[in-house]
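> Residue numbers (our numbering), protein chains in the order written: chain A, 1 to 389; chain C, 390 to 732.
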């Protein structure tokens with residue numbers, strides 16, 4: 001037996017021994033069901049995560065636990081009745097859900113909305129954005145283990161809800177938007193009160209910037225976690241702040257205001273180049289602040305006049321098809337309305353933002369740790385009603 | 390000067406000590422739970438907290454305790470029954486043992502051991518076994534992850550805890566907790582006697598490291614990954630209901646109280662107040678009150694962190710322990726040792 005041969009055999013034996021040890025040491029993976037009942041999903045989202053220790057090998061979101069069939073239900077209701085349903089899609093910023101549907105119906109009927117109605121509509125739209133995103137800003141802290149910010153969020157969000165209630169009569173489900181305008185005008189003294197609330201909301205933003213965003217642990221937990229590059233974000237159909245946090249400068253409010261008065265205001269679209277969880281938080285914080293300035297501008301420039309156009313008492317929408325999308329708090333929300341000239345729509349297709357936003361999770365959750373799953377879910381910010389409709 | 394001297398038989402002393410320890414832990418847990426978990430946290434979060442049960446909600450935790458006792462004792466079907474049932478007891482026993490050597494006055498201590506500090510740090514790590522048992526015995530994936538996280542974390546933070554205390558031991562020259570208090574009471578502040586010399590003045594770094602490590606030992610935010618409600622839904626506690634959960638709760642807050650006590654003994658001068666003769670028997674009477682005030686001050690710090698910070702990730706926690714806290718603690722020991730020899 002030559003030396004080289006002996007070496008070769010020793011090598012083969014060593015390799016075989018190594019392989020045996022590796023097989024013995026190889027640990028079995030674990031499948032973890034995160035949800036449907038889990039505090040981080042704030043609803044009934046289920047994530048099936050394949051784990052290797054604490055690391056996620058693959059994650060798959062399962063949705064549909066909260067499907068309520070609004071698209072089908074809308075077909076057996078009249079146009080004014082549909083708004084009560086779609087109020088409940090994104091239950092934190094309800095008024096914003098009504099607007100695109102009403103705009104689509106108005107487009108089919110070719111109704112011109114009085115300017116005052118359009119302005120108040122936009123004000124309420126931005127107020128519902130504040131009510132929605134303020135909760136995100138605090139909730140992110142809870143998901144990361146800081147209990148205090150969410151209580152600040154609930155406290156200051158209450159002021160915004162009060163203002164919405166003062167106009168519409170409903171805190172969560174206003175059902176205030178009508179085809180051709182609005183149900184009522186603003187109550188007396190409301191404009192001054194709202195100015196005060198806007199100042200409060202800005203203070204709230206400053207507080208959270210100090211308390212949460214300035215915290216080093218928060219930065220360590222969110223920076224570089226869940227990075228979504230711009231091309232991936234676009235190909236998965238992300239929208240809203242999630243897309244802008246990936247550096248894509250795209251905002252339906254500026255690019256296609258369709259009936260709302262954003263083109264008459266002086267404001268800025270915030271973007272962040274990083275695309276990580278921190279960027280998503282940062283963009284939303286800036287947008288909250290921007291929204292308060294927008295509301296103040298609109299309160300200043302509010303035109304006088306009626307809030308309702310002349311529309312028939314029994315609304316029949318002429319046959320046709322229309323698609324209107326607006327920049328809702330969670331992202332782009334669109335309604336594709338098909339009418340056959342009846343009292344109710346023939347078919348309504350709802351494009352809701354969270355459904356697309358959450359679909360990126362299998363891509364972004366590969367190789368992250370279990371705590372990062374929660375960070376990513378929190379920073380993508382979904383509402384279960386908006387996913388499942 | 391008249392000194393307090395009561396002679397009791399050994400069995401009488403033992404009986405008194407047993408009753409005191411058995412009463413102190415639930416009381417301590419209640420006080421900390423009410424003052425900090427309910428009231429301080431509520432005020433920090435601009436709300437009132439419990440207000441209905443008793444004046445200002447003082448009896449809320451008693452009401453909660455009664456509620457816990459009424460609940461059904463649930464065992465998961467696949468659980469390892471004995472391990473599952475025993476785990477909360479193990480955790481609580483480790484808490485009980487901590488109180489054995491905690492000095493509340495010159496003689497007001499259950500058992501004054503020569504290696505008291507060593508004993509404390511040794512029995513404190515017993516709770517890891519209970520937590521691991523709970524994580525394993527529950528037959529739940531979340532519980533298992535919580536148990537594993539707890540084990541890794543408690544072992545990593547045991548080391549800075551011990552190393553931070555060593556600085557004090559070097560300065561005092563003893564492991565006996567009561568003698569450490571006396572060493573601080575008899576020390577001179579810049580050559581000015583009668584004021585005592587709390588070691589926080591020289592061992593500030595040690596105090597900071599000790600508090601951080603205690604925070605991790607108690608699994609409180611920012612080191613609460615083993616329970617992490619938003620991630621692993623309570624971790625090793627997830628399957629526990631009723632009085633077994635109450636045991637974990639009492640264990641957590643009882644340990645917080647005990648560790649705050651040890652921190653005040655090591656760094657804040659224990660039961661001593663400046664201006665009195667440390668040999669005076671009166672300290673057996675006022676000592677517990679002095680200790681209580683100091684413990685509440687340290688607990689306030691601990692809970693302040695708890696309600697403010699977000700949670701670290703598991704790997705970041707280990708990095709903090711091994712790359713920051715342990716080197717700093719070693720540096721503290723080296724500097725203390727060199728100065729002890731030189732000065």
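Backbone N, C-alpha and C fix where the C-beta goes; we use that ideal spot for every residue, glycine too.
Residues of chain C with CB under 9 Å from residue 36 of chain A, in chain order?
Residue mapping note: residue 36 of chain A aligns to position 36 of the first chain, counting from 1. Within chain C, no residue comes near residue 36 of chain A; the closest Cβ sits about 13 Å away, beyond 9 Å.
> With C-beta atoms as the reference, is residue 487 of chain C less than 7 Å away from residue 647 of chain C?
Here residue 487 of chain C is taken as the residue at index 98 of the second chain, counted from 1. Here residue 647 of chain C is taken as the residue at index 258 of the second chain, counted from 1. In this structure, residue 647 of chain C lies closer than 7 Å to residue 487 of chain C by Cβ.
> For residue 701 of chain C and residue 123 of chain A, what's the separation of their Cα atoms in angstroms?
On the second chain, residue 701 of chain C is found 312 positions in, with the first residue counted as 1. On the first chain, residue 123 of chain A is found 123 positions in, with the first residue counted as 1. Spanning the two alpha carbons is a distance of roughly 39 Å.
> Which same chain residues, not among the five before or five after residue 11 of chain A, have their C-beta less than 8 Å away from its C-beta?
Here residue 11 of chain A refers to the residue found at position 11 of the first chain. Once the five neighbours on either side are set aside, residue 11 of chain A has no close Cβ partner at all.
> With the cut-off set at 7 Å, would you say residue 99 of chain A and residue 125 of chain A are in Cβ contact?
Against the first chain, residue 99 of chain A aligns to sequence position 99. Against the first chain, residue 125 of chain A aligns to sequence position 125. Yes, the Cβ-Cβ distance between residue 99 of chain A and residue 125 of chain A is below 7 Å.
> With H, G and I counted as helix, E and B as strand and the rest as coil, what does DSSP make of residue 249 of chain A?
Position 249 of the first chain, counting from 1, holds the residue named residue 249 of chain A. Correct three-state label for residue 249 of chain A: coil.
> To the nearest angstrom, report how far apart residue 707 of chain C and residue 443 of chain C are at their CA atoms.
As a first step, residue 707 of chain C is located in the second chain; it is residue number 318 there, counting from the start. As a first step, residue 443 of chain C is located in the second chain; it is residue number 54 there, counting from the start. Taking the CA atoms as reference points, residue 707 of chain C sits about 43 Å from residue 443 of chain C.
> Hey, how far is the Cα of residue 121 of chain A from the Cα of residue 313 of chain A?
What you label residue 121 of chain A is simply residue 121 of the first chain in a count that begins at 1. What you label residue 313 of chain A is simply residue 313 of the first chain in a count that begins at 1. Rounded to the nearest angstrom, the two C-alpha atoms are 21 Å apart.
> Compile a chain-ordered list of the residues in the region 688 to 704 of chain C whose CB is closer than 9 Å to at least one CB of chain A.
695, 696, 697, 698, 699, 700, 701, 702, 703, 704
> Tell me whether residue 698 of chain C is buried or exposed, calling it buried when 16 or more other Cβ atoms sit within 10 Å of its Cβ.
Position 309 of the second chain, counted from the start, is the residue given in the question as residue 698 of chain C. It is buried - the Cβ of residue 698 of chain C has at least 16 other Cβ atoms within 10 Å.
> I want to know whether the region 62 to 69 of chain A touches the region 90 to 104 of chain A - three or more CB-CB distances under 8 Å.
Under the Cβ criterion (8 Å, minimum of three pairs), the region 62 to 69 of chain A does not count as touching the region 90 to 104 of chain A.
> Given a cut-off of 7 Å, decide if residue 325 of chain A and residue 332 of chain A are closer than it, judged by their beta-carbon atoms.
As a position in the first chain, residue 332 of chain A is number 332, starting the count at 1. As a position in the first chain, residue 325 of chain A is number 325, starting the count at 1. Yes.
> Do residue 567 of chain C and residue 501 of chain C come within 7 Å of each other at the CB atom, strictly closer than that value?
Within the second chain, numbered from 1, the residue matching residue 501 of chain C stands at position 112. Within the second chain, numbered from 1, the residue matching residue 567 of chain C stands at position 178. The answer is yes: Cβ separation under 7 Å.
> Pull up the CB-CB distance for residue 63 of chain A and residue 387 of chain A, whole angstroms please, since I reckon it's below 8 Å.
To locate residue 63 of chain A, count along the first chain from 1; it is residue 63. To locate residue 387 of chain A, count along the first chain from 1; it is residue 387. At roughly 5 Å, the Cβ-Cβ gap stays under 8 Å, so residue 63 of chain A and residue 387 of chain A are in contact.
> Just confirm the distance between the C-beta atoms of residue 369 of chain A and residue 703 of chain C, as a whole number of angstroms; I'd bet it's less than 8 Å.
Residue mapping note: residue 369 of chain A aligns to position 369 of the first chain, counting from 1. Residue mapping note: residue 703 of chain C aligns to position 314 of the second chain, counting from 1. Indeed, because the Cβ distance is near 7 Å, the residues count as touching under 8 Å.
> Residues of chain C with CB under 7 Å from residue 143 of chain A, in chain order?
Here residue 143 of chain A refers to the residue found at position 143 of the first chain. Within chain C, the residues near residue 143 of chain A are 619.
> In whole angstroms, what separates the C-alpha of residue 722 of chain C from that of residue 548 of chain C?
Along the second chain, read from residue 1 onward, the residue named residue 722 of chain C stands at position 333. Along the second chain, read from residue 1 onward, the residue named residue 548 of chain C stands at position 159. Per the coordinates, the alpha-carbon of residue 722 of chain C lies some 13 Å from the alpha-carbon of residue 548 of chain C.
> What residues in its chain sit with their C-beta under 8 Å from that of residue 176 of chain A, if we drop five residues either side in the sequence?
Translated into the one-based positions of the first chain, residue 176 of chain A becomes position 176. So the list reads 95, 98, 124, 167, 168, 169, 170, 182, 183, 184, once near-sequence residues are dropped.
> Pick helix, strand or coil for residue 331 of chain A, following the three-state DSSP scheme.
For the purposes of this step, residue 331 of chain A is identified with residue 331 of the first chain, where counting begins at 1. Correct three-state label for residue 331 of chain A: strand.
> Quick check on this structure: which residue in C:441, C:448, C:435, C:409 has the alpha carbon closest to the alpha carbon of residue 421 of chain C?
Within the second chain, numbered from 1, the residue matching residue 421 of chain C stands at position 32. Of the residues C:441, C:448, C:435, C:409, the one whose Cα lies closest to the Cα of residue 421 of chain C is C:448.
> Given a limit of 8 Å on CB to CB distance, which residues of the region 149 to 161 of chain A reach chain C?
151, 152, 155
> Quick one: using the 10 Å Cβ neighbour count with 16 as the cut-off for buried, is residue 620 of chain C buried or exposed?
Position 231 of the second chain, counted from the start, is the residue given in the question as residue 620 of chain C. By the neighbour-count rule (16 or more Cβ atoms within 10 Å), residue 620 of chain C is buried.
> Buried or exposed: which applies to residue 544 of chain C, given that a residue is buried once 16 or more other Cβ atoms fall within 10 Å of its Cβ?
Counting from 1 along the second chain, the entry for residue 544 of chain C is found at position 155. With fewer than 16 other Cβ atoms within 10 Å, it is exposed.
> Closest to residue 415 of chain C by C-alpha separation, out of C:726, C:635, C:705, C:684, would be which residue?
Position 26 of the second chain, counting from 1, holds the residue named residue 415 of chain C. Shortest Cα-Cα distance from residue 415 of chain C to any of C:726, C:635, C:705, C:684 involves C:635.
> Please confirm whether residue 492 of chain C has its beta-carbon closer than 7 Å to some beta-carbon of chain A.
Within the second chain, the letter at position 103 stands for residue 492 of chain C. No, residue 492 of chain C lies away from the interface with chain A (no Cβ there is under 7 Å from its Cβ).
> Measuring alpha carbon to alpha carbon, tell me which of A:274, A:198, A:235, A:116 ends up nearest residue 158 of chain A.
Reading the first chain from its first residue, position 158 is the one you call residue 158 of chain A. Comparing Cα-Cα distances from residue 158 of chain A to each of A:274, A:198, A:235, A:116, the minimum goes to A:198.
> Taking 7 Å as the CB-CB limit, is residue 374 of chain A close to chain C?
Along the first chain, one-based indexing puts residue 374 of chain A at 374. So, interface residue.
> Measuring straight from C-alpha to C-alpha, what distance separates residue 481 of chain C and residue 550 of chain C?
Position 92 of the second chain, counting from 1, holds the residue named residue 481 of chain C. Position 161 of the second chain, counting from 1, holds the residue named residue 550 of chain C. Distance between the alpha carbons of residue 481 of chain C and residue 550 of chain C is about 20 Å.
> What does a CB cutoff of less than 7 Å around residue 564 of chain C pick up in its chain, not counting 5 residues either side in sequence?
The count along the second chain starts at 1 and reaches residue 564 of chain C at position 175. So the list reads 503, 504, 505, 506, 507, 558, once near-sequence residues are dropped.
> Just the C-alpha distance for residue 601 of chain C and residue 433 of chain C, rounded to the nearest angstrom, thanks.
The sequence position of residue 601 of chain C within the second chain is 212, counting from 1. The sequence position of residue 433 of chain C within the second chain is 44, counting from 1. Straight-line Cα distance between these residues: approximately 21 Å.
> Please report the straight-line C-alpha distance between residue 88 of chain A and residue 364 of chain A, rounded to a whole angstrom.
On the first chain, position 88 is the one that residue 88 of chain A refers to. On the first chain, position 364 is the one that residue 364 of chain A refers to. Each residue's Cα considered, the two are about 29 Å apart.
> Would you call the region 261 to 268 of chain A and the region 289 to 297 of chain A in contact, with 3 or more CB pairs under 8 Å?
yes
> Can you give the Cα-Cα distance for residue 173 of chain A and residue 106 of chain A, rounded to whole angstroms?
Looking up residue 173 of chain A in the first chain gives position 173. Looking up residue 106 of chain A in the first chain gives position 106. Cα-Cα distance, rounded: 21 Å.
> Is residue 494 of chain C buried or exposed, if buried means 16 or more other CB atoms sit within 10 Å of its CB?
Counting from 1 along the second chain, the entry for residue 494 of chain C is found at position 105. Per the 10 Å Cβ criterion, buried.
> To test your reading of the DSSP string, which unbroken alpha helix (DSSP H) runs of 4 or more residues are found completely within the region 76 to 158 of chain A?
Within the region 76 to 158 of chain A, complete alpha helix (DSSP H) segments of at least 4 residues are found at 79 to 86, 94 to 109, 115 to 143, given in chain order.
> Would you please state the rounded distance, in angstroms, between the beta carbons of residue 329 of chain A and residue 119 of chain A? I believe it to be under 8 Å.
Along the first chain, read from residue 1 onward, the residue named residue 329 of chain A stands at position 329. Along the first chain, read from residue 1 onward, the residue named residue 119 of chain A stands at position 119. About 19 Å separates the two Cβ atoms, so there is no contact after all.
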